[in-house]
Amino acid sequence: MAPNQHVRLAVDIGGTFTDVVLETEAGRMTRKVLTTPSRPEEGVLGGMRLILSDARMHMSDIDVFVHGTTLATNAIIERRGARTALIATEGFRDIIEIGTESRYDQYDLSIEKPRPLVQRALRFTLPERVDVHGKVRLPLDEAAVAALVPKLKAAGVESVAIAFLHSYANAEHERRTGALLKAAMPELGITLSSEVCPEVREYERTSTAIANAYVQPLMAGYLARMAEGLAQEQFRGAIYLVTSGGGLTSIETAQRFPVRLVESGPAGGAIFAALTAAQLGESKVLSFDMGGTTAKICLIEKFEPQSSRVFEVDRAARFLKGSGLPVRIPVIEMVEIGAGGGSIARIDALKRVTVGPESASSEPGPACYGRGGTHPAVTDADVVLGMIDPVAFAGGTIPLDPDLSRKALLADIGEPLGLDAETAAYAVHEMVCENMASAARVHAVERGAVVGDHTLIAFGGAAPLHAARVAEKIGVKRVIVPPNAGVGSAVGFLAAPVSYELVRSRHVRLDAFDGALVSDLLAEMELEARALVEPGARGEPVIARRGAFMRYVGQGHEITVTLPSGVLGEQDIPALRSSFEADYAALFARPIPGAAIEILSWSVLVTTQPPKPAVAPRVASSAPPEASGSRVFHDGKAGASIMIPLYRRETMIPGASIAGPAIIAEDETSTFVSMSFDAHIDAIGCIVMDRKILDRKAA
């Protein structure tokens, strides 16, 4: 952010809680309020009023408002988007159901594929054809476009995705179709695949365009209501939305391309974890973000989160690639599962305890909220185990009723299995921790990493309660809970750069490299990205990073290689080959000597550069602080209840150390230090849990 922007506020809308963070020259303040699913802006504005009242400030005092939301993701998962139609090239009506003709589980005869966002009756085709080089083979039939208008009106279509074959090479037919439909139906939302995802692979491009069209009216309405509400409160500052790639963009860009917001909240969490890793000099990190509805796990190497070009929404199978709806956008790569504080526990047909992915959300919420929920959630289990103080939950703003938790656990888990409430709670806690440990193992294997070599950084309202047990299961020896962990994603928003990434397909073989053509393409892309970034940067310097998506000729997938700055030419070919083969060897152990290389797509990222944090100094260990109380904790391994000390985080100074088991409570969350760990407070206020020496030998 620019130097004169001193008052900044960030809001993260989750499935259960809306987190609010206010940052001023005097310091940082935080608030957690329940999300209002029917009108999310009401929860946002209410939380903003509360925190500004705490700070004795007004909405007009805010210079920058940064916002992330799961609204787009939830709309896709819950199928609450607009009535959407697809217009494709003649002969390609069913591309979104044919897909790549692969099966995510080839041995399952009753496989369930993700339900398309557009039903077959609303898929239309037009006579037109452009070849792979962008040459028009069959002109667009404009009379056929006009004939579609009454059909779209009769079907009550609110939004249209236009995805023609090879439109990434020549988008004229898509643009003309969009213009004709807009003239006939001014209120119709229109998404062009050549704008949202100008890349090869028509299935992924079409799926991305449909997803954008599906959520565009919803997001446009929400963002408009949010802007209107802020204006009524006399807000005069700048508004930014967090994208799935971890950058900030304007409301106008977000309204055009809302599909880029599908992972905005989790992206903020990854930025928060990367920032903490840089402050502590931890070069190998596994971030663990567990909120009220989901848990997210992301690998962070050398202080940078892993990134990807494809994300799957609404997977039919939890850990299986290909079981969701592909969205081809710049995204921070992570695995996300339905395992949050609100995830509902139940008994399946085989009498096994299962947790999630269904969530109690904020309405009605876990049973202990006393808002009408009758089924036990993970939060209910943690309350019965003694890990959560029912009086101080969420800073005392949401009193919890342990009796309701016990009643729900006994009814749904305990009585069917012949267990008491505490043992049922332990079973739920163990299962949700195992779900997250399994996700961490799978994610690390897919990225070629050894999960036990990483430090776990835990944040989100529920992660600090479960991090120690997850670490025990996956062999991690150090766990870090940063300050403000309960609102970590919102804190991460404030550290995000203003940025935008463009990717375009243009096939070039390395042995026939046309430096002038490529340089012109990259320059055009950079100008377009700068036009979206520089107004938001407000005078702050921006840089451009360029990349090429390369592969050996005929292979199915590409590797991203960083490009040098300046005009490219034949002199860059050896360096490009060398960079590609080095990255290829890192992934597959060896390159293929002398094999031809091709480049399918090119990327340009234009971004501001937030300052890198200084590495925190080490602090000397000091005597344990005085406990502020104690809690009865049910130790499931021992099958008995024990008394463990309770500490308040704000009273623990840097260097203070304690031995597990213990609970460290704060307004936003609580951290459980298990028997396997000792904990201390470091120089920047992080809770650092290190595995006990004897426990390491036993492991």
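Position 384 of the sequence shown, counting from 1, maps to 384 under the working numbering, and the rest follow consecutively. Every residue, glycine too, gets a C-beta built ideally from N, C-alpha and C.
Problem set entry | Proximal residues to Glu472 (C-beta, below 6 Å), its chain only, five neighbours per side dropped | Here residue 472 refers to the residue found at position 472 when the sequence shown is read from its first residue. Once the five neighbours on either side are set aside, the close Cβ partners of Glu472 are Ser676.
For this session: Compute the distance between the beta-carbons of Leu122 and Val145, then report whether it is under 9 Å.
Result: Working through the sequence shown from its first residue, we reach residue 122 at position 122. Working through the sequence shown from its first residue, we reach residue 145 at position 145. No, the pair does not count as a contact, with Cβ atoms beyond the cut-off.
Exercise. Within 10 angstroms of its Cβ, does Phe257 collect 16 or more other Cβ (buried), or is it exposed?
Worked result: Counting from 1 along the sequence shown, the entry for residue 257 is found at position 257. Result: buried.
Problem set entry | For Ser657, the first and last residue of its enclosing beta strand (DSSP E) | Within the sequence shown, the letter at position 657 stands for residue 657. It spans Ser657 to Ala659 - the beta strand (DSSP E) in which Ser657 sits, taken as one unbroken run.
Problem set entry | Rounded straight-line distance, which links the Cα of Ala490 to that of Arg28 | The residue you call residue 28 lines up with position 28 of the sequence shown. The residue you call residue 490 lines up with position 490 of the sequence shown. Using only the alpha carbons, I get a separation of about 12 Å.
Problem set entry | Ordered list of alpha helix (DSSP H) runs contained in the region 559-594, each at least 4 residues | 573-588
Exercise. Is there a Cβ from chain D that is less than 9 Å from the Cβ of Thr354?
Worked result: Any reference to chain D falls outside this structure, which holds one protein chain only.
Exercise. Taking C-beta to C-beta, are Met652 and Val673 nearer than 9 Å?
Worked result: Along the sequence shown, read from residue 1 onward, the residue named residue 652 stands at position 652. Along the sequence shown, read from residue 1 onward, the residue named residue 673 stands at position 673. Not in contact: Met652 and Val673 (Cβ atoms no closer than 9 Å).
Exercise. Rounded to whole angstroms, how far is the Cβ of Thr84 from the Cβ of Ala161, which I believe are closer than 8 Å?
Worked result: Indexing the sequence shown from 1 puts residue 84 at position 84. Indexing the sequence shown from 1 puts residue 161 at position 161. Contact flag correct, Cβ pair sits at about 6 Å.
Problem set entry | alpha helix (DSSP H) segment containing Asp748, residue limits | Residue coverage of the chain in this structure runs from 1 to 699, which leaves residue 748 outside it and unanswerable.
Exercise. Can you tell me the Cα-Cα spacing of Gly515 and Gly569, whole angstroms?
Worked result: Numbered from its first residue, the sequence shown carries residue 515 at position 515. Numbered from its first residue, the sequence shown carries residue 569 at position 569. Rounded to whole angstroms, Gly515 to Gly569 spans 4 Å at the Cα level.
For this session: Measure the alpha-carbon distance for Ala147 versus Thr125 and round it to whole angstroms.
Result: Mapped onto the sequence shown, residue 147 falls at position 147. Mapped onto the sequence shown, residue 125 falls at position 125. Going from the Cα of Ala147 to the Cα of Thr125 covers about 11 Å.
Exercise. Count the other CB atoms within 10 Å of the CB of Pro266; is the residue buried (16 or more) or exposed (fewer)?
Worked result: What you label residue 266 is simply residue 266 of the sequence shown in a count that begins at 1. So Pro266 counts as buried.
For this session: Label Gln279 either buried or exposed according to how many other C-beta atoms from any shown protein chain fall within 10 Å of its C-beta, with 16 as the threshold for buried.
Result: Taking the first residue of the sequence shown as position 1, residue 279 is located at position 279. Per the 10 Å Cβ criterion, buried.
Problem set entry | Ser499 - partner residues in DSSP beta bridges | As a working note, residue 499 is residue 499 in the sequence shown. The partner list for Ser499 (beta bridge, DSSP) reads Thr607.
Problem set entry | 8 Å CB neighbourhood of Pro127 in its chain, flanking five on each side removed | In the sequence shown, counting from the first residue as 1, residue 127 sits at position 127. Same-chain partners within the cutoff: Glu90, Leu138, Leu140, Asp141 and Ala144.
Exercise. Which two residues bound the contiguous beta strand (DSSP E) that contains Thr455?
Worked result: Here residue 455 refers to the residue found at position 455 when the sequence shown is read from its first residue. Thr455 to Phe459 is the span of the beta strand (DSSP E), which, as asked, contains Thr455.
For this session: Could you check the C-alpha separation between Ala627 and Cys298 for me, to the nearest Å?
Result: The count along the sequence shown starts at 1 and reaches residue 627 at position 627. The count along the sequence shown starts at 1 and reaches residue 298 at position 298. Going from the Cα of Ala627 to the Cα of Cys298 covers about 34 Å.
For this session: Let me know the secondary structure DSSP gives Glu528 once reduced to three states.
Result: Along the sequence shown, one-based indexing puts residue 528 at 528. Glu528: helix per DSSP, three-state reduction.
For this session: Could you tell me which of Gly639, Pro305 and Glu97 sits nearest to Leu385, measuring between CA atoms?
Result: Walking along the sequence shown from the start, residue 385 turns up at place 385. With distances taken between Cα atoms, Leu385 lies closest to Gly639.
Exercise. Cβ of Val313 versus every heavy atom of the ligand HEM: is any distance shorter than 8 Å?
Worked result: The model depicted lacks the ligand HEM and carries no ligand whatsoever.
Exercise. Are the beta-carbon atoms belonging to Glu333 and Arg447 less than 9 Å from one another?
Worked result: Your numbering for residue 333 matches position 333 in the sequence shown. Your numbering for residue 447 matches position 447 in the sequence shown. For Glu333 and Arg447, yes; Cβs fall inside 9 Å.
For this session: Between the Cα of Gly245 and those of Gly237, Arg260 and Glu252, spot the shortest distance and give me the residue it belongs to.
Result: Residue numbering aside, residue 245 sits at position 245 when the sequence shown is read from its first letter. Residue Arg260 is the option with its Cα nearest to Gly245.
Problem set entry | Where Gly685 falls: helix, strand or coil (DSSP) | Position 685 of the sequence shown, counted from the start, is the residue given in the question as residue 685. In the structure shown, Gly685 sits in coil (DSSP, three-state: anything other than H, G, I, E or B).
Problem set entry | Start-to-end residues for the beta strand (DSSP E) that takes in Tyr168 | Residue numbering aside, residue 168 sits at position 168 when the sequence shown is read from its first letter. Here Tyr168 belongs to no beta strand (DSSP E), and DSSP marks it neither H nor E.
Exercise. Which residue's Cα is closest to the Cα of Leu52: Glu233, Ile663 and Val136?
Worked result: For the purposes of this step, residue 52 is taken as residue 52 along the sequence shown, with counting starting at 1. Of the listed residues, the one whose Cα sits closest to Leu52 is Glu233.
For this session: Could you tell me the distance, in whole angstroms, from the CA atom of His466 to the CA atom of Cys433?
Result: Stepping through the sequence shown from its first residue, residue 466 is reached at position 466. Stepping through the sequence shown from its first residue, residue 433 is reached at position 433. His466 and Cys433: Cα-Cα distance of roughly 7 Å.
Exercise. CB-CB under 6 Å to Arg530, same chain, minus the five flanking residues each way: which ones, in chain order?
Worked result: For the purposes of this step, residue 530 is identified with residue 530 of the sequence shown, where counting begins at 1. So the qualifying residues of the chain are Val606.
Exercise. What does DSSP give as the partner residues of Val285 in its beta bridges?
Worked result: Numbered from 1 along the sequence shown, position 285 holds the residue referred to as residue 285. DSSP, once it has assigned bridges, lists Ile300 and Thr455 as partnering Val285.
Exercise. Taking Ala349 as the reference, which of Phe393, Ile413 and Met290 has the closest Cα?
Worked result: Here residue 349 corresponds to residue number 349 of the sequence shown, with the count starting at 1. For the residues Phe393, Ile413 and Met290, the minimum Cα distance to Ala349 belongs to Ile413.
Problem set entry | Same chain, Cβ closer than 6 Å to Thr191, neighbours up to 5 away in sequence not counted | As a position in the sequence shown, residue 191 is number 191, starting the count at 1. Answer for Thr191: Ala161, Ala209, Asn212 and Ala213, listed in chain order.
Exercise. Using the C-alpha atoms, what's the distance from Ala596 back to Asp12?
Worked result: For the purposes of this step, residue 12 is taken as the residue at position 12 of the sequence shown. For the purposes of this step, residue 596 is taken as the residue at position 596 of the sequence shown. If I take the Cα positions, the gap works out to 47 Å.
Problem set entry | Proximity of Met550 and Val561 at Cβ, strictly below 9 Å | Sequence index remark: in the sequence shown, residue 550 carries index 550 (1-based). Sequence index remark: in the sequence shown, residue 561 carries index 561 (1-based). Yes, they are a contact pair.
Exercise. According to DSSP, is Gly372 helix, strand or coil?
Worked result: Locating residue 372 in the sequence shown gives position 372, where the first residue counts as 1. Note: Gly372 maps to coil in three-state DSSP.
Problem set entry | Local conformation of Ser110 per DSSP, three classes | Looking up residue 110 in the sequence shown gives position 110. Ser110 falls in the coil class under three-state DSSP.
Exercise. What are the start and end residues of each continuous alpha helix (DSSP H) run of 4 or more residues lying completely inside the region 136-212, in chain order?
Worked result: 142-154, 172-184 and 193-196
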